[in-house]
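Residue numbering for the sequence shown follows the UniProt record's numbering, beginning at 1 and increasing consecutively.
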Amino acid sequence: MLVITANDLKRSGVSSIERAMTDSDEHQVLIDVRGKTKYIVLDIEEFNHYREYQLEKAIHEAEECLVSGQYRVIDDIDDFAEQLRQEIEHGA
1 MLVITANDLK RSGVSSIERA MTDSDEHQVL IDVRGKTKYI VLDIEEFNHY
51 REYQLEKAIH EAEECLVSGQ YRVIDDIDDF AEQLRQEIEH GA
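Take a look at the structure:
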């Protein structure tokens, strides 16, 4: 995986990312800050592919919850909103 430093990014801007991606078949670049990898930059195609994967995973998890009965029907939205407020206040 390609790595550029924060100093390279500061000095060359976005062109350093573009240069790294075009010089390689990689669609992502890691950015190191003070010697530690802190960020990742993806090209838009890779990002869209990742988002699609996330959405498919969420749908799969929701389908599993439906099959196993791990859901509830909300009859009263005000009551549900109050339950959410209480859960947020109590850190549940």
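Virtual Cβ for every residue (Gly too), placed ideally from N, Cα, C.
| Query | Result |
| --- | --- |
| DSSP three-state call for I31: helix, strand or coil? | strand |
| Return the chain-ordered list of same chain residues with a C-beta closer than 8 Å to the C-beta of L42, the five sequence neighbours on each side being excluded. | H27, Q28, Y50 |
| Can you tell me whether DSSP reads residue 94 as helix, strand or coil? | Because residue 94 is not part of the residues shown, which for the chain are 1 to 92, the question remains open. |
| Let me check understanding here. Comparing Cα to Cα, which of H60, N48, I4, Q83 lies closest to M21? | I4 |
| Leaving aside the five residues before and after I40 along the sequence, list all residues of the same chain whose C-beta is less than 6 Å from its C-beta, in chain order. | Q28, L30 |
| Hey, how far is the Cα of E63 from the Cα of Y53? | 15 Å |
| What's the C-alpha gap between L79 and V33? | As written in the sequence, residue 79 is Asp, which differs from the Leu given in the question. Near 47 Å, if we compare the C-alpha coordinates of V33 and D79. |
| Span of the beta strand (DSSP E) holding I4? | 2 to 5 |
| Taking C-beta to C-beta, are L2 and S24 nearer than 7 Å? | yes |
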